[in-house]
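So the structure is just underneath, and the comments pick up after that.
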Amino acid sequence: MAEAIDWIKRSPFQDDKIEIYPIFEADDFGEAFTPELREQEDRLRVELEKGK
């Protein structure tokens, strides 16, 4: 997050509102991200790739 803030400080958007959101990885969810949810995510990822 700190790196994103540093980049924004150097951008030409000084008077605008910029929102920064964290990106989470599957491992960040620990045991709550069950094998079933992992499979569902994999299927969705494949479907999204087909649409490109």
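The sequence shown lines up with residues 1057 to 1108 when you count with the numbering used here.
All C-beta atoms, glycine included, are put in the ideal place defined by N, C-alpha and C.
Small disclaimer: the values here were computed from a predicted structure and weren't measured.
Just checking: is the beta-carbon of residue i within a distance shorter than 7 Å of some beta-carbon in chain C?
| i | result |
| --- | --- |
| residue 1091 | Chain labels in this structure do not include chain C; a single protein chain is all it has. |
Return the chain-ordered list of same chain residues with a C-beta closer than 8 Å to the C-beta of residue i, the five sequence neighbours on each side being excluded.
| i | result |
| --- | --- |
| residue 1078 | 1057 |
Put residue i into one of helix, strand or coil per three-state DSSP.
| i | result |
| --- | --- |
| residue 1064 | helix |
| residue 1084 | helix |
Taking the alpha carbon of residue i as the reference point, which residue from the options has its own alpha carbon closest?
| i | options | result |
| --- | --- | --- |
| residue 1080 | 1072, 1089, 1074 and 1073 | 1089 |
For the alpha helix (DSSP H) that residue i lies in, which residues bound it at each end?
| i | result |
| --- | --- |
| residue 1106 | 1091-1106 |
Using only the alpha-carbon positions, how far apart do residue i and residue j sit?
| i | j | result |
| --- | --- | --- |
| residue 1106 | residue 1097 | 14 Å |
| residue 1102 | residue 1076 | 27 Å |
| residue 1061 | residue 1104 | 30 Å |
| residue 1066 | residue 1059 | 11 Å |
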